[in-house]
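Protein chains: 4
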Amino acid sequence: MDHHPTSGLWSGPSKRDAILAGAYRAFARYGYANTKIETIAELAGVGKGTIYLYFENKEDVFRQMVKELIERHLDALRGRLSGDGSPGARLLAVFELHMAILKRHPYSFSLHGRDVGPADEDLRNWLREQKRRFIRDLERTIEEGIRTGEFRRVNARSAALWVFALLGIAFLEEVLQDVGWEDRLKTFIDLMRNGLWSQPNDTALV
Amino acid sequence: MDHHPTSGLWSGPSKRDAILAGAYRAFARYGYANTKIETIAELAGVGKGTIYLYFENKEDVFRQMVKELIERHLDALRGRLSGDGSPGARLLAVFELHMAILKRHPYSFSLHGRDVGPADEDLRNWLREQKRRFIRDLERTIEEGIRTGEFRRVNARSAALWVFALLGIAFLEEVLQDVGWEDRLKTFIDLMRNGLWSQPNDTALV
Amino acid sequence: MDHHPTSGLWSGPSKRDAILAGAYRAFARYGYANTKIETIAELAGVGKGTIYLYFENKEDVFRQMVKELIERHLDALRGRLSGDGSPGARLLAVFELHMAILKRHPYSFSLHGRDVGPADEDLRNWLREQKRRFIRDLERTIEEGIRTGEFRRVNARSAALWVFALLGIAFLEEVLQDVGWEDRLKTFIDLMRNGLWSQPNDTALV
Amino acid sequence: MDHHPTSGLWSGPSKRDAILAGAYRAFARYGYANTKIETIAELAGVGKGTIYLYFENKEDVFRQMVKELIERHLDALRGRLSGDGSPGARLLAVFELHMAILKRHPYSFSLHGRDVGPADEDLRNWLREQKRRFIRDLERTIEEGIRTGEFRRVNARSAALWVFALLGIAFLEEVLQDVGWEDRLKTFIDLMRNGLWSQPNDTALV
DNA sequence: AATGAATGAGAATTCATTCAT
DNA sequence: GATGAATGAATTCTCATTCAT
Chain A
0 MDHHPTSGLW SGPSKRDAIL AGAYRAFARY GYANTKIETI AELAGVGKGT IYLYFENKED
60 VFRQMVKELI ERHLDALRGR LSGDGSPGAR LLAVFELHMA ILKRHPYSFS LHGRDVGPAD
120 EDLRNWLREQ KRRFIRDLER TIEEGIRTGE FRRVNARSAA LWVFALLGIA FLEEVLQDVG
180 WEDRLKTFID LMRNGLWSQP NDTALV
Chain B
0 MDHHPTSGLW SGPSKRDAIL AGAYRAFARY GYANTKIETI AELAGVGKGT IYLYFENKED
60 VFRQMVKELI ERHLDALRGR LSGDGSPGAR LLAVFELHMA ILKRHPYSFS LHGRDVGPAD
120 EDLRNWLREQ KRRFIRDLER TIEEGIRTGE FRRVNARSAA LWVFALLGIA FLEEVLQDVG
180 WEDRLKTFID LMRNGLWSQP NDTALV
Chain C
0 MDHHPTSGLW SGPSKRDAIL AGAYRAFARY GYANTKIETI AELAGVGKGT IYLYFENKED
60 VFRQMVKELI ERHLDALRGR LSGDGSPGAR LLAVFELHMA ILKRHPYSFS LHGRDVGPAD
120 EDLRNWLREQ KRRFIRDLER TIEEGIRTGE FRRVNARSAA LWVFALLGIA FLEEVLQDVG
180 WEDRLKTFID LMRNGLWSQP NDTALV
Chain D
0 MDHHPTSGLW SGPSKRDAIL AGAYRAFARY GYANTKIETI AELAGVGKGT IYLYFENKED
60 VFRQMVKELI ERHLDALRGR LSGDGSPGAR LLAVFELHMA ILKRHPYSFS LHGRDVGPAD
120 EDLRNWLREQ KRRFIRDLER TIEEGIRTGE FRRVNARSAA LWVFALLGIA FLEEVLQDVG
180 WEDRLKTFID LMRNGLWSQP NDTALV
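Chains as they are written, first to last, in numbering that gives the first Met the number 0: chain A, 0 to 205; chain B, 0 to 205; chain C, 0 to 205; chain D, 0 to 205.
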């Protein structure tokens with residue numbers, strides 16, 4: 000069984016990692032506002048004061064936690080994007096991995112979808128930049144697919160946005176638990192490939 | 000001049016509306032934890048104490064604000080979904096309206112996607128129910144389209160999820176401002192109709 | 000009986016005054032480090048939070064308290080310095096008032112002599128400036144006395160320093176309680192007037 | 000080169016001395032409350048834990064530091080007081096040395112005059128006792144001078160207080176840097192000898 | 001109804017002190 | 001002896017909520 004790149008989030012022996020792991024669980028469970036530093040410390044198995052040896056304050060713990068979380072996730076996806084196979088195969092691989100990660104880290108959801116904590120300007124900018132970079136990577140892959148003829152001739156930039164949006168399906172986790180992951184993934188990929196309409200059509204809208 | 004159903008969110012003269020409008024701006028800008036009741040009062044142009052004449056407490060302000068926001072948004076979309084035209088045309092109309100609303104309410108996305116505030120069980124359940132209901136409506140429309148032959152024979156439930164996910168494109172608002180709304184919308188709809196791949200293909204994944 | 004200008008320190012009805020009065024008592028009794036904000040609040044008869052409506056933080060309470068205390072004291076002394084009578088008489092009046100104030104405000108001592116709290120740069124500069132100003136006023140009075148022939152021809156600036164140093168006698172309050180105020184004042188004034196030596200002498204030192 | 004008794008305060012190679020020297024600088028600069036044990040350790044060039052090998056706690060560091068500082072200073076002055084020469088000459092010698100010490104140890108004044116740290120009963124009593132003893136020594140010298148006719152017939156106890164107060168001139172160090180030490184000392188001594196008034200006068204006050 | 005000064009429960013943060021290395 | 005990472009008791013400070021006006 001392969002060791003999933005993100006399954007052992009903050010599993011290192013360092014106090015810093017222990018704190019981030021505790022913060023992850025606490026924030027996911029209670030939301031930012033309802034998480035006490037003391038709770039994080041308890042979950043991390045360290046003293047309250049220790050947190051302040053490694054982080055500025057509560058907001059800083061949150062910020063660094065989110066940053067590492069997103070960074071690892073996107074890095075993992077990027078690994079697939081620049082892997083082997085045709086652009087289409089790589090795009091599907093990204094999808095597959097994304098879903099797998101979310102499946103194993105239900106908490107991750109809460110963070111994406113629920114309470115990204117204080118709308119810290121720094122964090123917001125960082126997130127924006129990360130998204131931008133990832134979308135750029137998607138764009139290049141799509142351009143390549145267009146060149147090889149695997150993809151239709153679409154606006155690569157907009158298509159990258161579209162693919163990124165599809166990754167947002169994460170949000171729906173808690174919405175429909177009655178649809179199995181397998182089915183869901185299969186349909187998504189089918190739609191991504193072939194679209195919803197039975198007849199090709201690009202009549203102007205409205 | 001048509002009066003857009005959701006464009007004038009809380010534009011009424013009532014204090015309650017003023018408070019919700021202030022809360023909307025404050026929560027979107029600072030996040031739940033960093034928003035002070037006092038700030039909401041200032042933005043609303045009322046006294047701090049007044050808020051407690053209309054709401055139970057801070058969480059209640061947040062809850063009602065989100066509920067009304069989502070309710071109006073989804074009601075508007077539902078109006079299009081049950082309007083005139085073929086299932087496909089109605090689906091596109093929903094898309095179009097969704098984008099238009101987000102265009103006018105840039106803050107809105109923060110609330111949809113990220114900062115749903117405190118881990119309030121009640122609100123979370125309500126949101127889940129709303130999404131479920133809306134997805135069910137999408138599902139029925141897609142089933143109808145499949146029956147009429149307009150759509151391909153796909154798993155309607157999963158396809159509904161997929162469409163809902165696409166609405167999440169809202170997130171990208173702040174990410175890529177260099178892509179015009181028109182272009183983006185056109186490409187999205189094209190992809191939704193026809194998919195990204197040039198050759199129809201439904202080989203099993205992996 | 001005349002109402003002493005500094006006897007009713009912070010006797011106003013305002014919360015701010017009440018807090019400063021409480022702070023005065025608390026700091027004098029326990030020293031800066033051992034004074035809790037809560038204690039000040041209790042002595043002031045207000046809630047803990049109220050203090051933060053009027054002051055930045057503990058250090059700010061201390062700073063403003065000292066400033067007002069010194070300001071009133073020096074203003075009172077200055078009143079005598081610019082009053083009626085010959086320069087010599089005015090100088091003696093300053094002395095007399097200074098001693099009287101210290102006699103009535105034993106706490107004041109503790110503050111002067113014991114724990115002037117955090118060596119806050121701002122406060123230190125302010126104190127220095129106050130002393131400087133007061134010494135300048137003393138200097139002018141001494142110059143006037145030299146002109147009128149009441150005083151000997153000395154370096155007025157240095158003499159002003161000397162007089163100011165004598166006011167520091169305050170410190171000795173707690174040292175020798177066995178010497179009565181009357182005797183002490185009489186001797187001090189005598190020495191200030193006539194010096195300690197029986198024979199005039201200005202042989203070079205060393 | 001003469002080894003000035005107090006000039007090389009805590010200059011020994013022992014850790015204990017290094018700590019006291021660091022504490023001296025830290026307390027003088029930041030005040031008791033704002034001085035962290037860690038800062039003292041840094042200034043002393045030792046580890047934080049080392050301090051607890053030589054001292055009970057923070058208060059103990061402060062107490063011992065002040066005690067040694069004052070003890071050395073007063074011992075040095077006492078040496079002059081019981082030296083050679085007439086009582087008047089010895090008094091002037093004390094003055095001279097006092098000024099010299101302050102000149103080399105500008106921080107010193109903060110400790111003498113202001114920030115005697117926490118309202119530690121033990122330290123306060125010790126300081127009172129030290130002052131009392133020194134003033135008694137001054138008193139004896141003055142009595143001797145009165146007997147020999149060098150000094151005028153004044154209340155020796157009050158005169159001793161007066162002289163001690165004059166030593167408080169230390170305070171003025173930071174106030175007036177534009178007056179040279181030489182001029183200042185000369186004027187002070189002149190005033191101490193001859194008084195400020197040109198005509199002997201001991202009319203009762205008030 | 002409307003207000004905002006006042007409050008204090010509750011959370012964040014600090015830092016003297018300990019103790020394993 | 002020396003150290004400094006770790007700790008949690010003790011304090012500062014915040015801010016939702018109340019209530020007299």
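Where is the CB? At the ideal position from N, CA and C, for every residue including glycine.
Residue i to residue j span [Cα, whole Å]
| i | j | result |
| --- | --- | --- |
| Pro12/C | Gly82/C | 31 angstroms |
| Phe163/B | Asp59/C | 55 angstroms |
| Leu80/C | Leu96/D | 33 angstroms |
| Val45/A | Glu37/D | 22 angstroms |
| Ile69/D | Leu160/D | 18 angstroms |
| Asn154/D | Leu42/D | 47 angstroms |
| Ala25/A | Thr34/A | 6 angstroms |
| Leu73/A | Phe133/A | 7 angstroms |
| Asp119/A | Arg15/A | 21 angstroms |
| Phe54/B | Gln63/B | 9 angstroms |
| Ala17/B | Tyr23/A | 36 angstroms |
| Pro117/C | Trp125/C | 14 angstroms |
| Glu101/D | Ile188/C | One point to set straight first is that residue 101/D is Leu, not Glu, in the sequence displayed. Going by the C-alpha atoms only, they are around 27 angstroms apart. |
| Asp121/A | Tyr31/B | 17 angstroms |
| Arg77/C | Thr140/C | 11 angstroms |
| Met191/B | Gly48/B | 49 angstroms |
| His104/D | Glu67/C | 30 angstroms |
| Phe94/A | Leu195/B | 14 angstroms |
| Gly87/A | Arg89/B | 30 angstroms |
Minimum Cβ-Cβ distance from residue i to chain D less than 8 angstroms
| i | result |
| --- | --- |
| Ile69/C | no |
| Gly76/C | This sequence places Leu at residue 76/C; Gly is not what is there. With 8 angstroms as the cut-off, Leu76/C does not count as an interface residue toward chain D. |
| Leu19/C | no |
| Val60/C | no |
Cutoff 8 angstroms: residue i Cβ touching any chain B Cβ
| i | result |
| --- | --- |
| Pro12/A | no |
| Trp161/A | yes |
Min CB distance residue i to chain A below 8 angstroms
| i | result |
| --- | --- |
| Trp9/B | no |
| Ala22/B | no |
| Arg89/B | no |
| Asn56/B | no |
| Trp196/B | yes |
| Gly84/B | no |
| Leu101/B | no |
Neighbour list for residue i in chain D, Cβ cutoff strictly below 9 angstroms
| i | result |
| --- | --- |
| Ala25/C | Within chain D, no residue comes near Ala25/C; the closest Cβ sits about 11 angstroms away, beyond 9 angstroms. |
Residues that DSSP places opposite residue i in a beta bridge
| i | result |
| --- | --- |
| Leu196/D | The sequence given here places Trp at residue 196/D; Leu does not occur at that position. Looking at the DSSP assignment, Trp196/D forms a beta bridge with Phe150/C. |
Residue-level contact to chain C via CB, residue i, 8 angstroms cutoff
| i | result |
| --- | --- |
| Leu190/D | yes |
Closer than 8 angstroms at the beta carbon, the chain B residues around residue i
| i | result |
| --- | --- |
| Leu165/A | Trp161, Ala164 and Leu165 |
Proximal residues of chain C, C-beta to C-beta of residue i below 8 angstroms
| i | result |
| --- | --- |
| Val153/D | Thr186, Asp189, Leu190 and Leu195 |
| Ala158/D | Thr186, Leu190 and Leu195 |
| Leu148/D | Strictly speaking, residue 148/D in this sequence is Gly, with Leu absent from that position. Those within 8 angstroms of Gly148/D in chain C are Ser197. |
Cross-chain neighbours of residue i in chain C, by beta carbon under 7 angstroms
| i | result |
| --- | --- |
| Ala32/D | Tyr31, Ala32, Gly116 and Pro117 |
- Query: If you scan the region 53-134 of chain C from start to end, which runs of the alpha helix (DSSP H) of 4 or more residues do you find wholly inside it?
  - Reply: 57-80, 86-103 and 105-108
- Uninterrupted alpha helix (DSSP H) stretches inside the region 2-55 of chain B (no shorter than 4 residues): 14-29, 36-43 and 47-53
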